[in-house]
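Residues 98 to 363 (our numbering) make up the sequence shown, in order.
C-beta atoms are modelled at their ideal positions from N, C-alpha and C, and glycine is treated no differently.
Report on one structure; see the data block that follows.
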Amino acid sequence: MRTASNRRRRAGRALLRSLLNALFALLAGASVPTSAQTAAGLTQQTVIARAAEVYATRLNDHVLDGDARFAARVNAIAATLIARARRDYPETADWAWEVHTTSDPDQNADCMAGGKILISLAYIQRLELNDADLAMLLAHEIEHAALRHNLKEYQQALLLDPRWASRPFLELEHAVDNDSGLMDQLASTNYEQEVEADREGMLLAWRAGWPAAQLAGYFRKMYRNSAEPRRSKPDYPSPQLRWQAARELAATLQKNYVQAPTEPLH
Ligand SMILES: [Zn+2]
């Protein structure tokens, strides 16, 4: 799904958690953006610190890990992918990765900057995802974070309109999710990020040991469950295109490699 998801409302206990997160971020040398911080000074550290703050707030909106079996299943699969990401993307080795589950029908899955994952049982049940499907979904989301997609989207917004540089970062964060004009301008960036997360996600999960053909099965289920499987949007490739790309990549991997190499294919 789209990486930017900072538009959640604040909940009661969020303030204390936010303050604690801000404190931890400060101790770790990162700065949580204040209303005074401009978008010009935006760094990956700041994006990660802000994501931790928003993630903590979002968690308050959910009953977390209520289905113990599902939570254990997700954690086991995510652990193999995170271990692989830590090897392939050195920056992620020190991240405070977190994985939580919910049963919220409005949530599907995402991984915020810095490795903060939230995934819904409702979505997994709706698509009847098996473990390999789930690995593909999680790997896609993990790649959004590992590839710094949030930071790159903000940087693209700054390129499109340099006036953002002197405005508060928190305003830019809001605009990226709510300003239809800016969202239109960023649509092609988001489209490319989805394609990249699909491709690199499959490679990540395959390097972690999952058979490529099984990983492609996730996109078949997405295609079959979609009301408009052939419809692409400016910021999103159609399920049909995603399934086709996944099939082709899986076929290439199976043809050219007996097993996943120990080093990344970048
Ligand atoms: Zn995505």
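Start-to-end residues for the beta strand (DSSP E) that takes in Leu215: Lys213 to Ser217
Please look up how many angstroms separate the CB atoms of Ala243 and Tyr186, rounded, as I've assumed it's under 8 Å. The Cβ separation is near 4 Å, so the contact holds.
Output needed for Tyr251: all residues of its chain with C-beta closer than 8 Å, excluding positions within five of it in sequence on either side, in chain order. Ala136, Leu139, Val144, Phe266, Leu269, Glu270 and Val273.
Are Asp201 and His237 close, meaning C-beta to C-beta below 7 Å? no
Is Ala294 near ligand 1, judged by its Cβ being under 6 Å from some heavy atom? Short note on Ala294: C-beta closer than 6 Å to some heavy atom of ligand 1.
For Pro259, count the other beta carbons within 10 Å of its own beta carbon; 16 or more makes it buried, fewer makes it exposed. Which is it? exposed
Between the alpha carbons of Arg181 and Ala175, how many angstroms are there, rounded? 10 Å
Enumerate, from N- to C-terminal direction, the unbroken beta strand (DSSP E) stretches of 3 or more residues contained entirely within the stretch 139-205. 195-199
For Glu297, verify whether its CB is less than 6 Å away from any heavy atom of ligand 1. Ligand 1 has no heavy atom closer than 6 Å to the beta-carbon of Glu297.
DSSP state of Asp295, grouped into three classes? When secondary structure is reduced to three states using DSSP, Asp295 falls in the helix class.
Within 7 Å, strictly: CB atoms of Ala305 and Ala343: At the C-beta level, Ala305 and Ala343 stay beyond 7 Å of one another.
Whole alpha helix (DSSP H) elements within the stretch 239-306, 4-residue minimum: 246-257, 266-275 and 277-304
Please report how far the alpha carbon of Ile239 lies from the alpha carbon of Thr177, in whole angstroms. Rounded to whole angstroms, the gap between the alpha carbons of Ile239 and Thr177 is 12 Å.
Apply the 10 Å Cβ neighbour rule to Arg339 and answer buried if 16 or more other Cβ atoms are within range, or exposed otherwise. buried
Same chain, Cβ closer than 6 Å to Ser335, neighbours up to 5 away in sequence not counted: Arg327, Arg328 and Ser329
Quick check on Tyr333: does DSSP put it in helix, strand or coil? strand
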